[in-house]
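In what follows, a structure is listed as structure tokens, so that the remarks can point back to it.
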Amino acid sequence: MGYKLSSSRCLGVCLGLTFIMGCYLASLPIQNERAALPKPIKHIISSFSPAKKRLAIIVPFRDRFDELLEFVPHMYNFLNKQRIPFHIFVVQQKDNNRFNRASLINVGFLHTRNDYDYIAMHDVDLMPINDNLSYKYPASGPYHISSPQTHPKYHYDTFIGGILLINKEHYELVDGMSNNYWGWGLEDDEFYVRLKDAGLKVTRPTNITTGPDNTFKHIHDKTYRRRDMRKCYNQREVTRRRDRVTGLHNVLYKLWSTHNVTIDQLAITVLNVELLCNKTATPWCQCPEPMKPKPSLKQT
Ligand code: UDP
Ligand code: MN
686 MGYKLSSSRC
696 LGVCLGLTFI
706 MGCYLASLPI
716 QNERAALPKP
726 IKHIISSFSP
736 AKKRLAIIVP
746 FRDRFDELLE
756 FVPHMYNFLN
766 KQRIPFHIFV
776 VQQKDNNRFN
786 RASLINVGFL
796 HTRNDYDYIA
806 MHDVDLMPIN
816 DNLSYKYPAS
826 GPYHISSPQT
836 HPKYHYDTFI
846 GGILLINKEH
856 YELVDGMSNN
866 YWGWGLEDDE
876 FYVRLKDAGL
886 KVTRPTNITT
896 GPDNTFKHIH
906 DKTYRRRDMR
916 KCYNQREVTR
926 RRDRVTGLHN
936 VLYKLWSTHN
946 VTIDQLAITV
956 LNVELLCNKT
966 ATPWCQCPEP
976 MKPKPSLKQT
């Protein structure tokens with residue numbers, strides 16, 4: 686009994702001391718620690734329920750750093766308003782071949798397919814500025830955000846470039862994009878035919894009252910960021926036709942490194958990718974003629 690009494694008294698004293706110490710510790714050191722921490726990374730994805738569909742933004746990329754610095758904070762701000770769980774993957778082409786937007790998107794997809802439910806194939810220089818443009822999960826078919834009615838530059842009916850949302854199953858159904866498109870253009874038009882052949886209907890926003898001048902910001906100076914429109918070998922003939930040979934299943938590449946980096950404390954992932962070219966099938970991955978310099982003003 687005596688033992689019980691003294692042990693319970695001791696327990697009371699201990700609890701009291703623990704409480705006082707706890708209060709003291711809670712008030713001082715944690716506050717100091719907080720002050721020393723850098724600002725938190727605004728990575729909204731972690732705060733969402735696993736039930737929500739997750740979006741991988743896949744940005745085909747080479748030599749567009751200025752644009753990226755503007756793109757990342759803009760997209761965080763834009764998509765956080767819509768409470769979309771997303772992550773940005775910059776798929777950077779690190780080889781000597783001409784730029785291949787479609788193959789980079791295939792690689793981005795392969796890298797994200799296990800953790801994400803849908804992708805946005807997203808130009809780095811095109812930023813949505815109308816909050817009615819929704820990036821929600823495209824359940825019934827591909828959803829073209831940068832419609833021909835609102836894109837700053839391209840206005841033909843079958844245009845699906847710029848920004849396109851597509852869910853994982855549909856991207857797999859069409860075997861992704863063709864790998865034959867080295868240099869600027871036509872890979873998006875070929876993808877349109879793939880979608881059509883698979884019976885997938887592309888839909889577009891219907892709630893937009895803004896137009897080509899005020900729906901997107903397109904940071905693209907055509908002299909400073911020249912489009913590689915060269916055509917060499919039999920590129921013109923081959924790339925005009927629907928490709929039934931290449932796609933997601935046979936994109937040739939090496940993933941050299943993956944970097945988790947932040948821009949203004951916003952997390953993104955950069956994949957450094959070497960695209961491998963089958964020079965027998967697509968010799969135009971390198972054109973013998975270099976890009977001609979733009980004629981400059983005559984010096985007087
Ligand atoms: N791109 C790039 N580096 C290049 C060419 C293209 O990063 O050398 C990427 C970038 O994301 C760009 C997209 O491919 O936004 C589409 O290319 P571009 O802007 O030249 O095409 P546009 O739609 O303006 O004709
Ligand atoms: Mn552009």
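If you want our numbering, it's the 1-based position in the sequence shown plus 685. Don't be surprised by glycine CBs; every beta carbon is placed ideally from N, CA and C.
Exposure label - residue i; buried when at least 16 CB within 10 Å
{"i": "residue 938", "result": "buried"}
{"i": "residue 750", "result": "exposed"}
{"i": "residue 922", "result": "exposed"}
{"i": "residue 970", "result": "buried"}
{"i": "residue 950", "result": "exposed"}
{"i": "residue 807", "result": "buried"}
{"i": "residue 944", "result": "exposed"}
{"i": "residue 896", "result": "exposed"}
{"i": "residue 852", "result": "buried"}
{"i": "residue 924", "result": "buried"}
{"i": "residue 714", "result": "Note on residue 714: pLDDT 38, under 50, position unreliable in the model; the coordinate value appears next. The residue is exposed, with fewer than 16 neighbouring Cβ atoms inside 10 Å."}
{"i": "residue 790", "result": "buried"}
{"i": "residue 974", "result": "exposed"}
{"i": "residue 845", "result": "buried"}
{"i": "residue 978", "result": "exposed"}
{"i": "residue 783", "result": "buried"}
{"i": "residue 796", "result": "buried"}
{"i": "residue 898", "result": "exposed"}
{"i": "residue 767", "result": "exposed"}
Contact check, residue i vs residue j, beta carbons under 8 Å
{"i": "residue 913", "j": "residue 861", "result": "no"}
{"i": "residue 954", "j": "residue 772", "result": "yes"}
{"i": "residue 972", "j": "residue 917", "result": "yes"}
{"i": "residue 821", "j": "residue 743", "result": "no"}
{"i": "residue 994", "j": "residue 863", "result": "Since the first and last residues shown for the chain are 686 and 985, residue 994 lies out of range."}
{"i": "residue 816", "j": "residue 739", "result": "no"}
{"i": "residue 856", "j": "residue 774", "result": "no"}
{"i": "residue 814", "j": "residue 902", "result": "yes"}
{"i": "residue 874", "j": "residue 843", "result": "yes"}
{"i": "residue 936", "j": "residue 792", "result": "yes"}
{"i": "residue 976", "j": "residue 910", "result": "no"}
Beta-bridge partners of residue i, as assigned by DSSP
{"i": "residue 880", "result": "DSSP lists no partner for residue 880."}
{"i": "residue 957", "result": "777 and 942"}
{"i": "residue 813", "result": "901"}
{"i": "residue 952", "result": "947"}
{"i": "residue 986", "result": "No information on residue 986 is available, as it lies outside the stretch 686 to 985 that the chain covers here."}
{"i": "residue 839", "result": "The partner list for residue 839 (beta bridge, DSSP) is empty, contrary to what the question assumes."}
{"i": "residue 888", "result": "828"}
Cβ-based neighbour list, residue i, same chain, cut-off 7 Å, excluding 5 preceding and 5 following
{"i": "residue 959", "result": "779, 780, 938, 939 and 941"}
{"i": "residue 720", "result": "Because the pLDDT of residue 720 is 38, which lies under 50, any placement of that residue in the model is unreliable, and the question is left without a value."}
{"i": "residue 798", "result": "853"}
{"i": "residue 764", "result": "771 and 820"}
{"i": "residue 872", "result": "786, 787, 862, 863 and 866"}
{"i": "residue 823", "result": "803, 850, 851 and 852"}
{"i": "residue 934", "result": "860"}
Residue i (DSSP reduced to helix, strand or coil)
{"i": "residue 831", "result": "coil"}
{"i": "residue 867", "result": "coil"}
{"i": "residue 852", "result": "strand"}
{"i": "residue 758", "result": "helix"}
{"i": "residue 936", "result": "coil"}
{"i": "residue 905", "result": "coil"}
{"i": "residue 797", "result": "helix"}
{"i": "residue 725", "result": "Note on residue 725: pLDDT 43, under 50, position unreliable in the model; no value is reported."}
{"i": "residue 804", "result": "strand"}
{"i": "residue 819", "result": "coil"}
Spatial neighbours of residue i in its chain, beta-carbon cut-off 8 Å, leaving aside the 5 residues before and after
{"i": "residue 818", "result": "830, 890, 893 and 900"}
{"i": "residue 1007", "result": "Since the first and last residues shown for the chain are 686 and 985, residue 1007 lies out of range."}
{"i": "residue 841", "result": "833"}
Close Cβ partners of residue i (< 6 Å) along its chain, the five nearest in sequence each way excluded
{"i": "residue 957", "result": "777, 779, 941 and 942"}
{"i": "residue 847", "result": "808, 811, 831 and 836"}
{"i": "residue 737", "result": "770"}
{"i": "residue 828", "result": "850 and 888"}
{"i": "residue 966", "result": "none"}
{"i": "residue 752", "result": "809, 810 and 904"}
{"i": "residue 968", "result": "918"}
{"i": "residue 747", "result": "778 and 784"}
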